[in-house]
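Data block below; observations after.
Residue numbers (the working numbering): 2 to 137.
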């Protein structure tokens with residue numbers, strides 16, 4: 002997994018990398034899961050069922066934010082984390098994925114939302130990256 006959790010005043014920043022859009026979206030989702038529940042790797046094998054989501058946006062940056070906000074919303078509603086993600090279709094303006102979840106009794110951090118502030122996907126040295134601000 003390739004992402005870094007960076008400190009930010011009153012928020013967290015999540016810097017995400019991917020060789021392509023599929024890897025970028027999976028890494029972004031796993032970064033969020035790691036913030037919500039640090040020991041998520043222990044629960045991967047227990048993740049069952051799936052929830053299919055489809056998100057469309059005007060740009061890759063807003064698409065990543067919308068994707069993560071949808072996952073965050075589903076996590077809060079269902080009291081689950083989604084440590085397995087299967088991308089079914091992805092481009093800079095649409096993502097369709099299956100989320101495999103497991104119930105948890107608490108979240109380690111209370112993430113309120115992922116911000117659109119400076120959300121942008123950039124290509125650097127043949128790799129995609131984005132830095133996201135999480136409101137906690």
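C-beta: ideal position from N, C-alpha, C; glycine also. These numbers come from a predicted model, not from an experiment.
Sub-7 angstroms separation of residue i and residue j beta-carbons
i: residue 47; j: residue 105; result: no
i: residue 82; j: residue 74; result: no
i: residue 65; j: residue 131; result: yes
i: residue 68; j: residue 78; result: no
i: residue 26; j: residue 72; result: no
Backbone secondary structure at residue i - three-state DSSP
i: residue 47; result: helix
i: residue 96; result: strand
i: residue 16; result: strand
i: residue 81; result: strand
i: residue 111; result: coil
Rounded Cβ spacing between residue i and residue j (contact assumed at less than 8 angstroms)
i: residue 70; j: residue 115; result: 5 angstroms
Contact set for residue i: own chain, Cβ-Cβ below 7 angstroms, skip 5 residues either direction
i: residue 28; result: 2, 3, 4, 17, 18 and 19
i: residue 121; result: 62 and 131
i: residue 108; result: 37 and 38
i: residue 12; result: 134, 135, 136 and 137
i: residue 51; result: 99, 100 and 101
Spatial distance of residue i from residue j (CA atoms)
i: residue 97; j: residue 43; result: 26 angstroms
i: residue 94; j: residue 119; result: 17 angstroms
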